[in-house]
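Trainee: Can you read through this structure? Questions will come right after.
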Amino acid sequence: MKNKKKKLIIGGILIGVCVGSYFLFLSPSKEVKLSYNVFTLNQQDPLLLKGEVKATQTEDVFYDQTMGTIADIPVKNEQEVKNGDIVLNYVNSEAQNRADQQQRAVNKSSLSAQQAAQNLSRTQGRYNEAQAKLNQINADYDRESDPEKKEELKGKAEQQKAEVTSINNEVIQAQQASELAYTEVNDESAALESEQGKVTSSIKSSMDGVAMVNEAGKKSLDQPLIQVLSKTKQVKGIVTEYDLNKLKIGQEVSVTSIGSNQTAQGKISSINQLPKSKSGNDSEIPTYEFIVEGDFPWAYGSSAQVSLPQPQLILPEKSVLNKDNKTFVFVYKNGRAVKTDVKVTDVNGAKNLESGVSKGTKIIGNPDDVLQDNTEVQVTEND
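Each number in my numbering comes from the position in the sequence shown (counting from 1) with 28 added on.
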């Protein structure tokens, strides 16, 4: 009985070995397909950047203590103004005191000039009388025929002539004194006019726009008391150094108001090539300002989002191969890997596709040295 049982066990083992050998050596071989990841080549999502609505032009009016104290602000907050409209009035008490002193100086010089004029008038009258007397003596001398009387008149004429000359010198001096006095009056009056012009002064807007009044500007010289903002607006955006190269002047963008969710089109008009000042943290990523021009109806200072389309097709670095001075990728088509030449440019570590394949093409993302052209492959979609 035991021998029979042993024979059965040995027989089972032999059968198992035979069956295993059949599947190992005699079963028909099956082709094992290579397996890879595949992705669909598409454009990148738009680049979204922060922005703020700003006036295209801004005029800042600061409180100037040298001009005196604020008399009044004749414009209200958010009031429309025109070029030349008065937005701020000053009054200067020190200038008023100087003007009062100067007025007294003008009064004094005017009195001196008046006295000089009167003196000139009196001296001129004496001269006229002396000259008339000399003329009369000369006339009497011409009519007189008596030699003794004629000689007497001649002496009187010489004396009178000397008096006329003396008074004439006084007239000249009085005239000079009068001219000097009136010159002083003119100088003092000009100084008075200058001081009176400093008593009150006004600041005018140099542009059309909307006046924004900031009461804090009365106490802080670092803040504008009044800002005149142009009605035309722009969006000032911020971009990090990583995305700076993606912006181009003239590039069309979409701008969305965060508050109203409204969207408007615009164009990048300028890009500042100098980074904004850091707050003191050395690890802070440098940022740059850029300007978007367009028709933006939203409030000054409101937040906006700038959307930049990125039409450039980017290939993952591992999907691009180089061999024999050729650059290529494997395109997945009809179950096979098709070797396809491409032209790419390296931009900040990214492979920008120039030509070779188009949008929507399925690309093998992890090719290896085993993969050959037209090889049948199995793939896993990574989209």
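Every residue, glycine too, gets a C-beta built ideally from N, C-alpha and C.
1) Buried or exposed: which applies to residue 252, given that a residue is buried once 16 or more other Cβ atoms fall within 10 Å of its Cβ?
2) What are the start and end residues of the beta strand (DSSP E) that includes residue 64?
3) Assign residue 197 to one of three DSSP states: helix, strand, or coil.
4) Report the residue from 303, 354, 80 and 161 whose alpha carbon sits nearest the alpha carbon of residue 319.
5) Counting only runs of 4+ residues fully inside the segment 250-311, write out the alpha helix (DSSP H) ranges in chain order.
6) Considering only residues of the same chain and omitting the five flanking positions on each side of residue 219, which have a CB-CB separation below 7 angstroms?
7) Below 8 angstroms, how does it come out for the segment 287-299 and the segment 121-129: are there three or more Cβ pairs, yes or no?
8) Taking the alpha helix (DSSP H) that residue 349 belongs to, which residues open and close that run?
9) Using the three-state DSSP reduction, which class does residue 169 fall into: helix, strand or coil?
10) Note down, in chain order, each residue of its chain lying with its Cβ closer than 7 angstroms to the Cβ of residue 264, except the 5 sequence neighbours on either side.
11) Could you tell me which of 229, 268 and 335 sits nearest to residue 102, measuring between CA atoms?
12) Would you please state the rounded distance, in angstroms, between the beta carbons of residue 389 and residue 359? I believe it to be under 8 angstroms.
13) Taking the DSSP output, what are the residues bridged to residue 324?
14) Looking only at its own chain, which residues have a Cβ that is under 8 angstroms from the Cβ of residue 392, when we skip the five neighbours before and after it?
15) If you count every other CB in all the chains shown that lies within 10 Å of the CB of residue 254, and 16 or more means buried, which is it?
16) In its own chain, which residues sit with a C-beta less than 6 angstroms from the C-beta of residue 304, not counting the 5 before and 5 after it?
17) In the DSSP assignment, the beta strand (DSSP E) including residue 334 goes from what residue to what residue?
18) In the DSSP assignment, the beta strand (DSSP E) including residue 75 goes from what residue to what residue?
19) Which residues bound the beta strand (DSSP E) around residue 231?
20) Report, in whole angstroms, the separation of the C-beta atoms of residue 87 and residue 256, which I expect to be a contact under 8 angstroms.
21) Any chance you could list the beta strand (DSSP E) runs of at least 3 consecutive residues sitting entirely within the segment 368-392, in chain order?
22) Under 6 angstroms Cβ to Cβ from residue 378, same chain only, skipping five residues before and after it: list those, please.
23) Let me make sure I understand the geometry here. Which of 171, 85 and 165 has the alpha-carbon closest to that of residue 182?
24) Short of 7 angstroms in beta carbon distance, which residues of its chain neighbour residue 75, apart from the five on each side in sequence? Order them along the chain.
25) Mind checking residue 395: buried by the 16 CB within 10 Å criterion, or exposed?
26) Would residue 277 pass as a contact of residue 77 if the rule is Cβ separation under 9 angstroms?
27) Between 185, 157, 160 and 332, which lies nearest to residue 169 when the distance is taken from Cα to Cα?
28) Nearest-angstrom Cα distance between residue 177 and residue 171?
29) Would residue 139 be called buried (16 or more neighbouring beta carbons within 10 Å of its own) or exposed?
30) Alpha carbon to alpha carbon, how far is residue 259 from residue 223?
31) Just verifying my parser: in three-state terms, what is the DSSP assignment at residue 148?
Mentor: Reading from the atomic positions:
1) buried
2) 62-68
3) helix
4) 80
5) none
6) 130
7) no
8) Not the alpha helix (DSSP H): residue 349 falls in the beta strand (DSSP E), residues 349-351.
9) helix
10) 79, 80, 82, 317 and 319
11) 229
12) 6 angstroms
13) Looking at the DSSP assignment, residue 324 forms no beta bridge with any residue, so it has no partner.
14) 64, 65, 66, 347, 357, 358, 359, 360, 365, 399, 405 and 407
15) buried
16) 315
17) 331-343
18) 71-83
19) 228-232
20) 4 angstroms
21) 371-375, 378-383 and 390-392
22) 342
23) 165
24) 271, 274, 336 and 338
25) buried
26) no
27) 185
28) 11 angstroms
29) exposed
30) 38 angstroms
31) helix
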